[in-house]
Structures are given as C-alpha cells and as structure tokens.
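J.: Quick note on the numbering used here: the sequence shown kicks off at 702 and runs consecutively.
Cβ atoms here follow ideal geometry from the backbone N, Cα and C, with glycine treated the same way.
Structure provided below as structure tokens; questions to follow.
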Amino acid sequence: MQLAALEVLERGRYALSGDLVFDQVTRLLGEGDAAFATLPHAEVDLAKVQRVDSAGLALLLEWSIVAREGGRTIHYRNVPPALSALAGISDVSALLVAIAPGAA
Numbered sequence: 702m703q704l705a706a707l708e709v710l711e712r713g714r715y716a717l718s719g720d721l722v723f724d725q726v727t728r729l730l731g732e733g734d735a736a737f738a739t740l741p742h743a744e745v746d747l748a749k750v751q752r753v754d755s756a757g758l759a760l761l762l763e764w765s766i767v768a769r770e771g772g773r774t775i776h777y778r779n780v781p782p783a784l785s786a787l788a789g790i791s792d793v794s795a796l797l798v799a800i801a802p803g804a805a
C-alpha cells in the first residue's frame with residue numbers, strides 16, 4: 702500500500718497522492734479540513750491517486766460538503782476513472798465537483 706498524502710502546490714492548489722483507502726482517510730480528513738478551512742476556493746489534483754475505495758470517495762465528498770456548508774468550494778482535477786465510476790454507482794456524482802480535463 703502506498704501512503705496517501707495531501708501536498709500543497711500553492712495557495713489554494715493541492716495534490717493528493719497514494720492509496721485513498723479506508724485506513725488512510727481519517728488522517729487525511731483532518732489534514733484537508735485544516736488546509737481548506739480559510740480558503741474560499743480550493744483545487745485538488747487527483748492524478749497521483751493510485752487506488753481508491755468507498756472510504757476515499759466519502760473523504761472527498763466530506764471535504765466538498767463541509768466547504769459548501771461554509772460558503773466555499775472544492776474542485777477536483779484529474780479524477781481517476783475508478784473514482785468516477787464509484788461515484789456514479791453510488792449516485793453521488795453531482796456532489797463530487799470535477800474540473801474537466803484541459804480546463805484551466
């Protein structure tokens with residue numbers, strides 16, 4: 702298993718890497734909450750996410766919901782196909798705000 706990590710690229714831009722699975726998300730939940738709390742908008746690049754399960758999807762949804770409740774937004778770039786499929790099966794695709802490939 703590859704340890705998941707949330708990396709700051711610049712203010713408001715982050716990269717998530719590694720395995721986004723059950724035993725990683727509790728730690729990442731707190732890291733994301735702290736990182737995104739004061740930002741009106743954040744963008745998270747998921748290009749380096751290796752594996753994802755339902756707990757990983759739940760993490761991203763939680764970040765999005767908390768941001769929305771606080772009047773903020775989080776967008777996800779380079780959403781892996783497995784994550785998109787999982788969101789579709791779970792009928793939560795609308796809550797996972799993704800940036801289309803090639804969008805600025």
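How would you label V745, buried or exposed, when you count the other beta carbons within 10 angstroms and need 16 or more for buried?
T.: Position 44 of the sequence shown, counted from the start, is the residue given in the question as residue 745. V745 is buried by the Cβ-count criterion.
J.: Expressed to the nearest angstrom, what Euclidean distance is found between the alpha-carbon atoms of A805 and H776?
T.: Residue mapping note: residue 805 aligns to position 104 of the sequence shown, counting from 1. Residue mapping note: residue 776 aligns to position 75 of the sequence shown, counting from 1. Confidence in A805 is poor, its pLDDT being 49 and thus under 50, which makes the residue's placement unreliable; the coordinate value appears in the next sentence. If you take the alpha carbons of A805 and H776, they lie about 12 Å apart.
J.: Distance, Cα to Cα, V753 vs A788?
T.: What you label residue 753 is simply residue 52 of the sequence shown in a count that begins at 1. What you label residue 788 is simply residue 87 of the sequence shown in a count that begins at 1. Each residue's alpha carbon lies about 11 Å from the other.
J.: I need the boundaries of the beta strand (DSSP E) containing T774, first residue and last residue.
T.: One-based indexing of the sequence shown puts residue 774 at position 73. Unbroken beta strand (DSSP E) run through T774: 774-778.
J.: Can you tell me whether Q725 is helix, strand or coil according to DSSP?
T.: As a working mapping, residue 725 is identified with position 24 in the sequence shown. Note: Q725 maps to helix in three-state DSSP.
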